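Data block below; observations after.
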Amino acid sequence: MTTTVSLLVLGDSPAFADATGPQLPDAPHLYPNVAARHLSEQLGADVEGTVVAQPGATVREALRAATKDRHVQFDLLAHADAVVVGVGSFDHAPAGVPPSVQAVVPYLRPAGLRRQVRTGLHRAYPLLVTLRRGRGARTPPREFQRLYGELLDQVRSITWGRAAGAALGPTSHRSDYYAHRHPGHARAEARQLAQARAHGFAPVPVWSRVADHLDDLNDDGIHWPAAVHAAVGSDVATALLPQLTGEAPTTGLPAAYREDLEAYETAAAGDED
């Protein structure tokens, strides 16, 4: 065990926001910092946490960061002792305005038109969710499964399978924006956590922790109070600790990478002979 343990969180806004809004990275009550503190106490080592996250991040943004951002890949992931994948919540949120339409808005000119369109789409979103009775997700399930699998395997490959891994399940909401509907959440949560487990990541459900504090959520009906951060951070540490101490296996290499590595090692051994 190194004297400093590196903990990387690939997440979305719950990784840096609480019931009052976005917080500074070192805010002690945020779940990444709670997890780091618990691990430090249990391991008797310094735990250095880093969060890569943005508001409304989906699995697509996380995958892009893990495969295209050189800093994330080689300065953070490659040296991480533990990785928490905390995306999926916005992918599973009820579909209203299609993401492809929302993606065009920042490019509209002039600024007045852009503001009008953004305001109109924001107002239309809950109406469209209501029209669809909350059915459908921002990211279709099969597309999410494909992208999420690629993200988990990218984490495993860049860390050579030696890093401890935990994956948060998706949170839900009590939000006007989503018309207070989310009938597909339980099914999406079960699928995502099962996929994470199959890829070698310890699954960490979060909505069960949030459900007891619905009256304390942010005004947006999404972001968590400190009590939820404390519970989730503790759960994350509990999931990672056995892997960091060697009592449980780490994420391991994806099958394709493992086969390539074995072939390389066999060839290298032949060259030595």
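Under my numbering, the first residue of the sequence shown carries the number 1, and numbering increases by one thereafter. Ideal Cβ positions, reconstructed from N, Cα and C, are used throughout, including at glycine. Just so you know, these numbers come straight off a predicted model, no measurement behind them.
Legend entry - His79 versus Gly134: straight-line alpha-carbon distance, rounded: Position 79 of the sequence shown holds residue 79. Position 134 of the sequence shown holds residue 134. Take the alpha-carbon of His79 and the one of Gly134: they are about 41 Å apart.
Inset, instruction - Below 8 Å on the Cβ atoms is my guess for Asp91 versus Arg138; work out the distance and round it to an integer in Å. - result: As a position in the sequence shown, residue 91 is number 91, starting the count at 1. As a position in the sequence shown, residue 138 is number 138, starting the count at 1. The pair is a contact, with the Cβ atoms about 6 Å apart (cut-off 8 Å).
Inset, instruction - Could you tell me whether the region 234–245 touches the region 33–44, using the rule of 3 or more Cβ pairs below 8 Å? - result: They touch, by the three-pair rule.
Inset, instruction - Would you please state the rounded distance, in angstroms, between the beta carbons of Ala19 and Pro225? I believe it to be under 8 Å. - result: Taking the first residue of the sequence shown as position 1, residue 19 is located at position 19. Taking the first residue of the sequence shown as position 1, residue 225 is located at position 225. Right, their Cβ atoms sit about 4 Å apart.
Legend entry - Among Gly88, Ala230, Arg162, Leu77, nearest to Ala248 - alpha-carbon criterion: To locate residue 248, count along the sequence shown from 1; it is residue 248. Among Gly88, Ala230, Arg162, Leu77, the Cα nearest to that of Ala248 belongs to Arg162.
Legend entry - Outcome for Ser100 when other beta-carbon atoms lying within 10 angstroms are tallied against a minimum of 16: Position 100 of the sequence shown, counted from the start, is the residue given in the question as residue 100. With fewer than 16 Cβ atoms within 10 Å of its Cβ, Ser100 is classed as exposed.
Inset, instruction - With a cut-off of 8 Å on the beta carbons, I'd call Ser6 and Glu48 a contact; round off their distance for me. - result: Position 6 of the sequence shown, counting from 1, holds the residue named residue 6. Position 48 of the sequence shown, counting from 1, holds the residue named residue 48. About 6 Å separates the beta carbons of Ser6 and Glu48, which is inside the 8 Å limit, making them a contact pair.
Legend entry - Every unbroken beta strand (DSSP E) within the region 110–193, with a cutoff of 3 residues, ordered by chain: Those beta strand (DSSP E) runs which fall completely within the region 110–193 and span 3+ residues are 164–168.
Inset, instruction - Just the C-alpha distance for Pro106 and Gly112, rounded to the nearest angstrom, thanks. - result: Residue numbering aside, residue 106 sits at position 106 when the sequence shown is read from its first letter. Residue numbering aside, residue 112 sits at position 112 when the sequence shown is read from its first letter. Put simply, the backbone Cα of Pro106 is about 12 Å away from that of Gly112.
Inset, instruction - Examine the ligand ADP and report whether any of its heavy atoms sits within less than 7 Å of the Cβ of Gln116. - result: The model on display carries no ligand, and the ligand ADP is accordingly not part of it.
Legend entry - For Pro22, the three-state DSSP class (helix, strand or coil): Here residue 22 refers to the residue found at position 22 when the sequence shown is read from its first residue. Strand.
Legend entry - Gly200, buried or exposed, once every other Cβ within 10 Å from all chains shown has been counted against 16: Stepping through the sequence shown from its first residue, residue 200 is reached at position 200. Buried, because 16 or more other Cβ atoms sit within 10 Å of the Cβ of Gly200.
Inset, instruction - Kindly identify the DSSP beta-bridge partner or partners of Leu8. - result: Translated into positions along the sequence shown, residue 8 becomes position 8. DSSP lists Thr50, Val83 as the bridge partner or partners of Leu8.
Inset, instruction - Decide if Val104 is buried, meaning its Cβ has at least 16 other Cβ atoms within 10 Å, or exposed. - result: Translated into the one-based positions of the sequence shown, residue 104 becomes position 104. Exposed, because fewer than 16 other Cβ atoms sit within 10 Å of the Cβ of Val104.
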